[in-house]
Amino acid sequence: MEALAVRETPEMPGDIEITDITAEARANPAFDGHERIVRAVDMAAGLHAIIAIHDRTLGPAIGGCRMWPYESEDAALTDALRLSRGMTYKSAMAGVPFGGGKAVILGDPRTGKSGALFRAFGRAVDALAGGYITGEDVGVGVDDMNRAAEETRHVLGTGERGGDPSPWTAYGVAVGIEAAVRHRLGRDSLAGTTVAVQGVGSVGYKLCDRLAFQGAKLFVADVSAEAAERAGAAFDATVVAPEEIYGVKVDVFAPCALGAAINDDTVGRLRCAIIAGSANNQLREARHGDLLRDRNVLYAPDYVINAGGAIALTLQLHPDGFSPERAGERVAAIGWTLAEIFERADREGAAPGAVADRIARERLADPARRAW
Ligand code: NAD
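Here it is in structure tokens:
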């Protein structure tokens, strides 16, 4: 892999400052051998972002851009590092020739967005000369990526390039829930299966739609009471308070909000047989995967089950172009990948997350994985 160039950008409009912070980021416990980390600041545009590139063994780093009112730059850096590492593993397990990266913009997506901000972000991505390809994540939508695309071609999820990935993510999670239910509960249908969905935003709401269509009985929670009520009414779902969703007695708990839903406070409250949802970094720490296994809760590794959107978007870069049939087939294969992980985990007496990590590392070491 060639050294990653950062193009200096004095010719760019605006006064964007891009600083390589890889060396100082090494002290962060989530560093995990990251290849490169930069800070991008454009005071005039209100941009303060961190872009983390974890690993490009299989190809250019892909990973969305999150906008969030982080308490500090250190908190933003930790989030970027954890998310970009997850993208490396996600790409490897999804069978696409890409690596892992992530961008985070420090700011409130409800009040802090502007066209200038996302154009400045686009210039920062462009300065990485194709080493990192961006897209949407929490707080960032298609319109924002359209603005970024005015400054760089290294962007997916624009109106012209794939759009909103969440329908594909929801499809992959639904397929993954079916695989988990088959493995743990021996059922071939979701009819009558109870599912608690935490967070009914872009992915969670569409997941509810699929599950309700298949006859599942739903419980929903969201910190936005309006969002929870809307899903409750649309899918005949029982609305519960955000803090109570962990303790609902269900077959499946589906975390579809933010990360670290499974932690020391919540793990003892769970009354589910399966955890399978879209959120990234569902386990606060890897040891929480072992705690789930000790409690006989089957965990579908997050970066495997939530890869549907990434699979569909990267197909925009496939030599034969995107086709819904190809995307559908590849996203449906998430179910087979999970079935293999669950079986291997049972055989080895290991947590599924540890098994998935191992398979991902095997794939990173396999040169055949560097092409479609
Ligand atoms: P979103 O912002 O549209 O939805 C998240 C929802 O969760 C919101 O309605 C929010 O109010 C709610 N929420 C936040 N904190 C909560 C809490 N403590 N309890 C209950 N509800 C809470 O985001 P999204 O695009 O639906 O993504 C959801 C998760 O899935 C994120 O972790 C994201 O990183 C992950 N993910 C999304 C995609 C995608 O295609 N959008 C792909 C892969 C992974």
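With this note's numbering, you'll find the sequence shown wraps up at 378, consecutive numbering, no jumps. Beta carbons: idealized from backbone N, C-alpha and C, even for Gly. Quantities reported herein were computed from a predicted structural model and do not represent experimental measurements.
Query raised in the report: With C-beta atoms as the reference, is I139 less than 7 Å away from P66?
Result: yes
Report task. Name the residue from L224, M49, T175 and V161 whose alpha carbon lies nearest to the alpha carbon of G118. Result -> M49
Report task. Write down the C-beta distance between I24 and A46 rounded to the nearest angstrom, noting that I regard them as a contact closer than 8 Å. Result -> 5 Å
Report task. Tell me F411's beta-bridge partners as DSSP assigns them. Result -> Residue 411 lies beyond the residue range present for the chain, which begins at 7 and ends at 378; the question has no answer from this structure.
Query raised in the report: What separation, rounded to the nearest whole angstrom, lies between the Cα atoms of Y211 and L89?
Result: 22 Å
Query raised in the report: Where does A377 land, buried or exposed, given buried means 16+ other C-beta within 10 angstroms?
Result: Residue burial annotation: A377 is exposed, with fewer than 16 other C-beta atoms found within 10 angstroms of its C-beta.
**Report entry** Contact set for L297: own chain, Cβ-Cβ below 6 Å, skip 5 residues either direction
**Finding:** Within the same chain, L297 has close Cβ partners V273.
Query raised in the report: What are the residues that DSSP puts in a beta bridge with G105?
Result: According to DSSP, G105 bridges with A67.
Query raised in the report: Does the pairing of the stretch 325-338 with the stretch 111-129 give three or more beta-carbon distances under 8 Å?
Result: no
**Report entry** Entirely enclosed alpha helix (DSSP H) segments - the stretch 23-67, minimum 4 residues
**Finding:** Along the stretch 23-67, the alpha helix (DSSP H) occurs as fully enclosed runs of 4 or more residues at 28-31, listed in sequence order.
Query raised in the report: Per DSSP, L304 is paired with what?
Result: I280
Query - Supposed contact pair D257 and L191 - C-beta distance, whole angstroms, cut 8 Å - result: 6 Å
Query raised in the report: Exposed or buried, what is R367 when buried is set at 16 or more other beta-carbons lying within 10 Å of its beta-carbon?
Result: Counting Cβ neighbours within 10 Å, R367 comes out exposed, since fewer than 16 surround it.
Query raised in the report: Would I183 pass as a contact of A282 if the rule is Cβ separation under 7 Å?
Result: Yes, Cβ-Cβ distance for I183 and A282 is below 7 Å.
Requested in this report: Classify P16 as buried or exposed, calling it buried when 16 or more other Cβ atoms lie within 10 Å of its own Cβ.
Outcome: Confidence is the limiting factor: at P16 the pLDDT is only 42, short of 50, which leaves the residue's position unreliable and the question unanswerable from this model.
Query raised in the report: Would you call the stretch 290-306 and the stretch 326-336 in contact, with 3 or more CB pairs under 8 Å?
Result: no
Query raised in the report: Can a CB atom of chain B be found closer than 7 Å to the CB of G163?
Result: This model lacks chain B altogether; it includes just one protein chain.
Report task. Would you check if the distance between the CB atom of V146 and the CB atom of M93 is smaller than 7 Å? Result -> For V146 and M93, no; Cβs fall outside 7 Å.
Query raised in the report: CB-CB under 6 Å to T244, same chain, minus the five flanking residues each way: which ones, in chain order?
Result: F225
Query raised in the report: Is N286 near the ligand ATP, judged by its Cβ being under 6 Å from some heavy atom?
Result: The ligand ATP is absent from the structure shown, which contains only the ligand NAD.
Query raised in the report: According to the Cβ coordinates, are A345 and A185 closer than 7 Å?
Result: yes
**Report entry** Within 7 Å, strictly: CB atoms of V203 and S172
**Finding:** no
Query raised in the report: Can Q322 be considered in contact with the ligand NAD, in the sense that its beta carbon sits closer than 6 Å to one or more heavy atoms?
Result: no
Query raised in the report: Hey, is the stretch 126-143 in contact with the stretch 91-110, meaning 3+ C-beta pairs nearer than 8 Å?
Result: yes
Query - Continuous beta strand (DSSP E) stretch holding P261: start and end - result: V256 to P261
Query raised in the report: Taking DSSP as the reference, what is the three-state secondary structure of L134?
Result: coil
Query raised in the report: What does a CB cutoff of less than 6 Å around M18 pick up in its chain, not counting 5 residues either side in sequence?
Result: Annotation note: pLDDT 49 at M18 (below 50); position unreliable, coordinate value reported separately. Within the same chain, M18 has close Cβ partners R129.
Query - heavy atom of the ligand NAD below 6 Å from L264 C-beta - result: yes
Query raised in the report: What residues are listed by DSSP as bridge partners for V110?
Result: I56 and R72
Query raised in the report: The alpha helix (DSSP H) spanning T117 covers which residue range?
Result: Element bounds for T117: n/a, residue is neither H nor E.
Query - Residue nearest to D26 in terms of C-alpha spacing, selected from A51, D38, I59 and F219 - result: I59
Query raised in the report: Mapping DSSP to helix, strand and coil, what is V161?
Result: Note: V161 maps to strand in three-state DSSP.
Query raised in the report: Run through DSSP, which three-state label would W378 get?
Result: coil
Query raised in the report: When the Cα atoms are used, what is the spatial distance from D38 to I56?
Result: 16 Å
Query raised in the report: Going by Cα to Cα distance, which pick from D132, D170 and A176 is closest to A155?
Result: Nearest C-alpha to A155 among D132, D170 and A176: D132.
Query raised in the report: How close, in whole Å, do the beta carbons of V148 and G178 come, if the pair is a contact with beta carbons under 8 Å?
Result: Rounded, the Cβ-Cβ distance is 19 Å, inconsistent with contact.
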